[in-house]
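Following: one structure in structure tokens, then a few remarks.
2 protein chains.
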Amino acid sequence: MNVMPDSDSKETSATHGAYLKLRELILTGELPPGDKLKIEQLRKLLDTGASPVREALSLLTSDMLVERIDQRGFRAAPVGKANFEEILMLRCTLEETALRASIRNADAAWEDRVVLRHHHMNRAGLRKAPDFEDAHKAFHMALLDNAHLPMLERYCSQLYDLNIRYRYLAAGGPSYKKRDIAAEHQNILDAALNRDADAATAHLIDHYRSTGEYLSSQMDG
Amino acid sequence: MNVMPDSDSKETSATHGAYLKLRELILTGELPPGDKLKIEQLRKLLDTGASPVREALSLLTSDMLVERIDQRGFRAAPVGKANFEEILMLRCTLEETALRASIRNADAAWEDRVVLRHHHMNRAGLRKAPDFEDAHKAFHMALLDNAHLPMLERYCSQLYDLNIRYRYLAAGGPSYKKRDIAAEHQNILDAALNRDADAATAHLIDHYRSTGEYLSSQMDG
DNA sequence: TTCTCCAAAAATATCGATATTATTTGACTT
DNA sequence: AAGTCAAATAATATCGATATTTTTGGAGAA
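Quick note, the sequences are listed as chains A and B, same order. Mind the numbering: the first sequence is residues 1 to 221 in our numbering, read in order. Mind the numbering: the second sequence is residues 1001 to 1221 in our numbering, read in order.
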């Protein structure tokens, strides 16, 4: 007999809800890197039982956002320059592979998908919508999803999230204003639509490297 | 008040124990691909509570050995030709990256490590020891571990396990006898010790492709 | 027969309580 | 004053029971 107090329209399991919220808290840095994640504390914060919290944390382990130390609980994954650079390197390698495969399979439906995502991203960017991050990710993932390689896409998605975590941590650096992000995206899109895999991957990797180098220069140790 | 009945010398959490056993059962095919993994059934099989089972299954999700369908339980990850070929492709890409980085950092300690692993693997192979699989994996991982790229190593380790799962499923095919595995390993080792990254990666990828093509030819759908 | 719908059964997800293990605190020794 | 050990505290891991949801099985209608 659940009262279901009008709002809270979400229909989902407690575990999944906890997973989404914890993920958000870690990505945005509200739960800082290295922090001990105490069950009781999170249980109260998310207003749920210990089991869903525990299971959500176990799931976040797969995303490398949480570390599990047997018998000693969970902690938010630590960060560091070496880790950041490994993420950057892996993204370049894996996204190049995925993008080339995607272009190899190029068809009209995929072109439509990518063009739409690009448009939505620009729209969100212009009005500085809070969901620009989501639209940005959706565009990048759309570029890759025609590879039909689910594991590779999962890796890329994971690495994307790990990367934006660093962006949140270095919050609001000027790097975004200086560069012309829109032009970079346009270059990638155009090359992809031309089915020019070499140009597309070159632009994509440049895009990552130039944001990467800035963030990397901000970090020590 | 735990009786601790003399044997069972393992000192570990129930969750971790369940994780290891379930992993083994899935890798060897005793829990076949696509099978529904019922909590109660596993609880009895592993002689533990529902919470450790549940948590172990959540952890196995990260290894892509278990799929979680919200509100509908867990199942052993399905298999298929496309999945196998994706694993093979990713291994070639990622292990090449890791091996090149490893060789770039080559030093005497690493050489020692690799030579030893190679020796142990051959020893285990000669007397057909049941732990040949472990030694084989240890050799391959030792080749990569000088890259000092923990995420990349984790991916490679994951993919290695996913691959041997297919070997178990195609159990005892003649492919192993036909080819001279030992020579292939020797070639990889020699090239690595010579710090010849091009040759080492070429041998490594050949090694994977030739076992891969055999297994792939065995599968349909 | 085939379809729909509802009750029964089974399985999952979640809770609350307890046992187990790690960490801290502080008295006591050197 | 510094170190050590044991009790007290806190946190994790686990269990058993319950609530929720999905699946099954079959009765009745088209």
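Idealized CB from N, CA, C, for every residue including glycine.
Residue from B:L1059, B:P1032 and B:K1036 with nearest C-alpha to B:A1018
For B:A1018, the nearest C-alpha among the options comes from B:L1059.
Limits of the beta strand (DSSP E) - the one that A:V66 falls within:
Element bounds for A:V66: V66 to R68.
Ranges of the beta strand (DSSP E) found wholly within the region 120-177 of chain A, counting only runs of at least 3:
Given a length threshold of 3 residues, the region 120-177 of chain A has no whole run of the beta strand (DSSP E) inside it.
Taking 8 angstroms as the threshold, find out whether the region 142-150 of chain A comes into contact with the region 55-73 of chain A through three or more Cβ pairs.
Pairwise C-beta distances place the region 142-150 of chain A out of contact with the region 55-73 of chain A, as fewer than three of them are shorter than 8 angstroms.
So, is the C-beta of B:R1104 closer than 8 angstroms to a C-beta in chain A?
Interface flag for B:R1104 against chain A is unset, since no Cβ pair is found closer than 8 angstroms.
At a cut of 8 angstroms, does the region 1137-1147 of chain B reach the region 1099-1106 of chain B through at least three beta carbon pairs?
The way I'd put it, the region 1137-1147 of chain B does touch the region 1099-1106 of chain B; three or more beta-carbon pairs between them come closer than 8 angstroms.
Beta-carbon separation (whole angstroms), A:H278 vs A:Y160, contact threshold 8 angstroms:
An answer regarding residue 278 of chain A cannot be provided, because it is not within the stretch 1 to 221 covered by chain A.
Members of the region 1018-1038 of chain B near chain A, C-beta cut-off 9 angstroms:
For chain A, none of the residues of the region 1018-1038 of chain B brings a beta carbon within less than 9 angstroms of one of its beta carbons.
Which of helix, strand or coil DSSP assigns to B:R1075:
DSSP places B:R1075 in strand when its eight states are reduced to three.
Under 8 angstroms, Cβ to Cβ, is there at least one residue of chain B near A:L215?
In terms of beta-carbon proximity, A:L215 stays away from the interface with chain B, with every pair separated by 8 angstroms or more.
Would you check if there are 3 or more beta carbon pairs closer than 8 angstroms linking the region 1083-1095 of chain B to the region 1185-1197 of chain B?
Touching, no, given that fewer than three Cβ pairs across the two stretches are closer than 8 angstroms.
Less than 6 angstroms between C-beta atoms, sequence neighbours within five positions excluded: which residues of the same chain meet that for A:T15?
Excluding positions up to five away in sequence, the list reads P52, E55 and A56.
Is there contact here, the region 65-78 of chain A with the region 25-37 of chain A, by at least three beta-carbon pairs under 8 angstroms?
Contact between the region 65-78 of chain A and the region 25-37 of chain A is present, because at least three Cβ pairs lie under 8 angstroms.
Out of curiosity, what's the CA-to-CA distance linking A:D198 and A:I205?
A:D198 and A:I205 have their C-alpha atoms roughly 11 angstroms apart.
Interface positions of the region 86-102 of chain A facing chain B (Cβ-Cβ less than 8 angstroms), listed along the chain:
Residues of the region 86-102 of chain A that bring their beta carbon within less than 8 angstroms of a beta carbon in chain B comprise E86, I87, M89, L90, T93, L94 and T97, in sequence order.
What number of angstroms, rounded off, separates the C-alpha of A:R209 from the C-alpha of A:A202?
Our two residues, A:R209 and A:A202, have alpha carbons roughly 10 angstroms apart in a direct line.
DSSP on B:K1038, reduced to helix/strand/coil?
Looking at B:K1038 - three-state DSSP - the assignment turns out to be coil, as it is neither helix nor strand.
At the 8 angstroms Cβ level, is A:D198 part of the contact set with chain B, yes or no?
Chain B, which has no Cβ nearer than 8 angstroms to the Cβ of A:D198, makes this no.
In chain order, what residues of the same chain have a beta carbon less than 6 angstroms from the beta carbon of A:A135, not counting five sequence neighbours either side?
Taking C-beta separations shorter than 6 angstroms and ignoring five residues to either side along the sequence, the partners of A:A135 in its chain run H120, M121 and A124, following chain order.
Chain B contacts from the region 122-133 of chain A (Cβ-Cβ distance under 7 angstroms)
Cβ contacts with chain B come from no residue of the region 122-133 of chain A.
Give the straight-line distance between the Cα atoms of A:I181 and A:Q71, rounded to the nearest whole angstrom.
Going by the C-alpha atoms only, they are around 45 angstroms apart.
Should A:Y155 be flagged as near chain B, meaning a C-beta pair shorter than 8 angstroms?
Closer than 8 angstroms to some Cβ of chain B, the Cβ of A:Y155 qualifies, so yes.
In whole angstroms, what separates the C-alpha of A:R68 from that of B:R1068?
Approximately 19 angstroms, taken between the alpha carbons.
Among B:L1094, B:G1029 and B:S1216, which has the Cα closest to the Cα of B:Q1158?
Of the candidates B:L1094, B:G1029 and B:S1216, the one whose C-alpha sits nearest the C-alpha of B:Q1158 is B:L1094.
Any idea what DSSP makes of B:R1179, helix, strand or coil?
Correct three-state label for B:R1179: coil.
A:N105: which of A:N163, A:A183 and A:L193 sits nearest, CA to CA?
For the residues A:N163, A:A183 and A:L193, the minimum Cα distance to A:N105 belongs to A:L193.
Closer than 9 angstroms at the beta carbon, the chain A residues around B:R1165
Result: empty, since nearest Cβ-Cβ is about 14 angstroms, beyond 9 angstroms.
Residues near A:V229 by beta carbon distance below 7 angstroms, same chain, minus five either side
For chain A, the structure presents residues 1 to 221; residue 229 of chain A sits outside this window and is missing.
Can you pull the chain B neighbours of A:M64, defined as C-beta to C-beta under 9 angstroms?
Within 9 angstroms Cβ-Cβ: S1062, M1151 and R1154.
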